[in-house]
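Participant: In terms of numbering that gives the first Met the number 0, the numbers along the sequence shown are unbroken and rise by one, the last being 63.
The structure's right below; bear with me while I get my questions together.
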Amino acid sequence: MSKNPRRLARPVRLIVSVEAELVTTIDQLMTQGRHHGHRNRAEFVRLAIERELARCQSDDFVSP
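Encoded structure:
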């Protein structure tokens, strides 16, 4: 999976809806000044999806 969102080979736009409270939490993390590996909300969500996919694959996730 790509580590640089600006260099995706075949980018696809994904639109998601989340609770306002979750967006507020993300924004608070981003403004704390710590390096979390993302620069904006979209990057945060992209990385979260990649981490969840890796976690599912490492847990031998099997679809029913």
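Quick reminder that beta carbons are idealized off the backbone N, C-alpha and C, glycines included.
Give a yes or no on contact between the stretch 40-52 and the stretch 20-31, applying the rule of three or more CB pairs nearer than 8 Å.
Facilitator: These segments touch.
Participant: Using the Cα positions of residue 10 and residue 48, report the straight-line distance between them to the nearest angstrom.
Facilitator: Looking at the two C-alpha atoms, the distance is approximately 14 Å.
Participant: From residue 38 to residue 55, what does the alpha carbon distance come to, in whole angstroms?
Facilitator: So the alpha carbons of these two residues sit roughly 25 Å apart.
Participant: Less than 8 Å between C-beta atoms, sequence neighbours within five positions excluded: which residues of the same chain meet that for residue 40?
Facilitator: Answer for residue 40: 22, 25, 26, 29, listed in chain order.
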